[in-house]
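Student: Residue numbers (our numbering), protein chains in the order written: chain A, 1 to 198; chain B, 1001 to 1348. The beta-carbon is built from N, C-alpha and C at its ideal position, and this holds for glycine as well. Let me give you the structure first, and then I'll get to my questions.
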Amino acid sequence: MSGALVRSDFDVIAGWVQRGERVLDLGCGEGELLRRLIDVRGVRGWGVEIDVDKVIAAIGNGINVIQSDLETGLADFEDRAFEHVILSQTLQAMRNTETIVTEMLRVGREAVVSFPNFGYWKHRRDILNGHMPVSEDLPYQWYDTPNIHLCTIADFDDFCAARDITVKDRKVFDNGVEIHEEQNYLGSVAVYRITREK
Amino acid sequence: MLPAYDLVYETYGTLNAAKSNAILVCHALSGNHHVAGTYADTPDSVGWWDNIIGPGRPLDTNRFFIVGVNNLGGCHGSTGPSSVNAATGKPWGAAFPMMAVVDWVRAQARLADLLGIDVWAAVVGGSLGGMQALRWAITFPERVRHSLVIAAAPKLTAQNIAFNDVARQAILSDPDFHGGHYYEHQTKPWRGLRLARMLGHITYLSDDQMGERFGRDLRGDGLKFGYDIEFEVESYLRHQGDKFADVFDANTYLLMTKALDYFDPARKTNGDLAAALSVARARFLVVAFTTDWRFAPARSREIVDALLRNGQDVSYAELGCDYGHDSFLMPDPTYHKLISTYMGTIQT
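Structure, rendered in structure tokens:
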């Protein structure tokens, strides 16, 4: 995860959490996002990370981190154990996309999901020009990308609607600048706040 | 009941003025108080966890004051079955009381009192030692800031208990056992203890590692079609058994395996481990090894999940070290980096 992404996620998520709330960050890396949420917003945080070197780095950052594979689900976590469950820039790289979203909304009251918007105008342009999109938020070539489930903002809206998932809030950015109009065309990254609570 | 007892311990490093840098290292089945270093007059007396404890090592004696203690019932200087019962003038033998992990922890707490340590910066242990680290956090929540529970389990499975019982039967059925009073017969159940250790040793290693290390290699040239040592693995196991049976006390071995079997901090909370752990105030580091089938990672996850359920501070790492249950004793670079990184976050 790049520093810019951490910042935009942080800015958004920081506004959605309250002091003392329990936050679970899935794919927490070295724990940068949690560290800032703990320091600045006073949350209680836990991370999940599969890579042992990142687990060790997160521990060095003073973060609670559980080494585990998200693809195996969150079965070990209790229902409603957290107020917020975060999946930052990882959804598009997961095999079991639907499972993880369902699981996030089981263990957390709310979920925060951020992903690169495949509908971004630069991506559309690349395809019109006959190439797979490569951009700041999709920095990979087709042959080395970890991203296997890319979607657009419109796709994710449909995904939520079909599963009775409420979108409480959505922020869209282009290189750190918030986009309010034509989000699916002008935005490179989307951050969703979703819940099953009515 | 024991009217009195001795505990033998060693310390490394310097206790700071605030007495806030003390670490208790708890030993497993065959360990003792001599956790690190070498005695001046005995060059081969290196401590059993020397690779992780010392200046600049993960448990850094430049920074921490480290205490190793031989548990009550042991055979390395603390009062145990081989000690003389003052009331009879004879060794306790089978009359020595059974021990539970909580008894060891309470005895260790008395040692902490003696050393003036109100709060351990950390209690650290692997295997049965990890169970003590867990028990400390429950029994004395105000006296433990960090609990490092390595290659442990919240309780033994039926298979674990079964292995322990076969080991005990090997000792109990040895004609030299004499109902536990073998000291008076100037003998010891050497053969039984040797078998117990050989069995235990198999369960501490991984299948892959045994295959890699010994395979079907032969000790000499060709098969001899007899019962002497033929395969390298036989040679290794018999050597381990011999070495252990020479120095360890069989009654202590029996007692330690029973303490393992009895360990179940959730017994008083109707099997609810989270409820048992809810009193703990420590931060936890739980470590498991993927090749450990004696205390598999899933068992460590039970501890982690119980802590998560309570919203307690816990980190968990599942390391790919090759040495089975014994991995916790090995100088694996990732493992040591993990421990030293965690220790670096502990304030003194």
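Quick check: is the beta carbon of arginine 19 of chain A nearer than 8 angstroms to any beta carbon in chain B?
Tutor: No - not a single Cβ of chain B is within 8 angstroms of the one on arginine 19 of chain A.
Student: Report yes or no: is there a C-beta of chain B within less than 8 angstroms of the C-beta of arginine 44 of chain A?
Tutor: yes
Student: Straight-line CA distance for aspartate 1050 of chain B to valine 1035 of chain B?
Tutor: 6 angstroms
Student: I need the boundaries of the beta strand (DSSP E) containing tryptophan 46 of chain A, first residue and last residue.
Tutor: Annotation: the continuous beta strand (DSSP E) that includes tryptophan 46 of chain A extends over 44 to 49.
Student: Along the chain, where does the alpha helix (DSSP H) that runs through phenylalanine 1140 of chain B open and close?
Tutor: No alpha helix (DSSP H) holds phenylalanine 1140 of chain B; DSSP gives it neither H nor E.
Student: Following a CB-centred definition, is leucine 1024 of chain B positioned closer than 7 angstroms to any heavy atom of the ligand PLP?
Tutor: No copy of the ligand PLP occurs in the structure displayed, which carries no ligand at all.
Student: I want to verify the contact list: residues of chain A whose CB lies under 8 angstroms from the CB of glycine 1311 of chain B, in sequence order.
Tutor: Arg22, Arg44 and Ala81
Student: Checking the sheet assignment: what are the DSSP bridge partners for glutamine 1209 of chain B?
Tutor: Per the DSSP secondary-structure output, glutamine 1209 of chain B pairs with nothing in a beta bridge.
Student: Does the contact criterion of 3 or more C-beta pairs under 8 angstroms hold for the region 1117 to 1134 of chain B versus the region 1313 to 1330 of chain B?
Tutor: yes
Student: Determine which residues share a DSSP beta bridge with glutamine 1312 of chain B and list them.
Tutor: Per DSSP, glutamine 1312 of chain B has no beta-bridge partner at all.
Student: Is the CB-CB distance between arginine 22 of chain A and glutamate 83 of chain A below 8 angstroms?
Tutor: yes
Student: Check this for me: beta carbons of arginine 1191 of chain B and aspartate 1174 of chain B, under 8 angstroms apart or not?
Tutor: yes
Student: Is it true that the CB of glutamate 1230 of chain B sits closer than 8 angstroms to the CB of phenylalanine 1214 of chain B?
Tutor: no
Student: Given that glutamate 78 of chain A touches chain B, what residues does it touch there, using C-beta distances under 7 angstroms?
Tutor: Arg1309
Student: Taking 8 angstroms as the CB-CB cut-off, is isoleucine 66 of chain A touching chain B?
Tutor: yes
Student: Drop a sphere of 10 angstroms on the beta-carbon of glycine 29 of chain A, count the other beta-carbons inside from all chains shown, and report buried for 16 or more, exposed for fewer.
Tutor: It is buried - the Cβ of glycine 29 of chain A has at least 16 other Cβ atoms within 10 Å.
Student: Could you work out which residues of chain A lie near leucine 1338 of chain B, taking near to mean beta carbons separated by less than 9 angstroms?
Tutor: Val52, Val55, Ile56 and Ile59
Student: Taking alanine 81 of chain A as the reference, give the member of A:Glu178, A:Leu24 and A:Asp157 with the closest Cα.
Tutor: Here the closest residue by C-alpha is A:Leu24.
Student: Are any of the Cβ atoms in chain B nearer than 8 angstroms to that of glycine 73 of chain A?
Tutor: no
Student: First and last residue of the alpha helix (DSSP H) that includes glycine 1344 of chain B?
Tutor: Where glycine 1344 of chain B is concerned, the enclosing alpha helix (DSSP H) stretches over 1333 to 1344.
Student: Identify the contact partners of glycine 1271 of chain B in chain A, using a Cβ-Cβ distance below 9 angstroms as the criterion.
Tutor: Within 9 angstroms Cβ-Cβ: nothing; glycine 1271 of chain B doesn't reach chain A, min ~16 angstroms.
Student: Select from the region 1165 to 1188 of chain B all residues with a C-beta closer than 8 angstroms to any C-beta belonging to chain A, and list them in chain order.
Tutor: none
Student: Output yes if chain B places a C-beta closer than 8 angstroms to the C-beta of glycine 31 of chain A; else output no.
Tutor: no
Student: Would you call the CB atoms of alanine 93 of chain A and isoleucine 179 of chain A closer than 8 angstroms?
Tutor: no
Student: Can you name, in chain order, every residue of its own chain whose Cβ lies under 6 angstroms from the Cβ of threonine 1203 of chain B, other than the five neighbours on each side?
Tutor: Phe1163 and Arg1294
Student: I want to know whether the region 1295 to 1309 of chain B touches the region 1267 to 1279 of chain B - three or more CB-CB distances under 8 angstroms.
Tutor: yes
Student: Between leucine 34 of chain A and glycine 42 of chain A, is the Cβ-Cβ spacing less than 8 angstroms?
Tutor: no
Student: Checking 8 angstroms against the spacing of the C-beta atoms, do tyrosine 1009 of chain B and glycine 1068 of chain B come in under that value?
Tutor: yes
Student: Could you tell me whether any Cβ in chain A is nearer than 8 angstroms to the Cβ of aspartate 1292 of chain B?
Tutor: no
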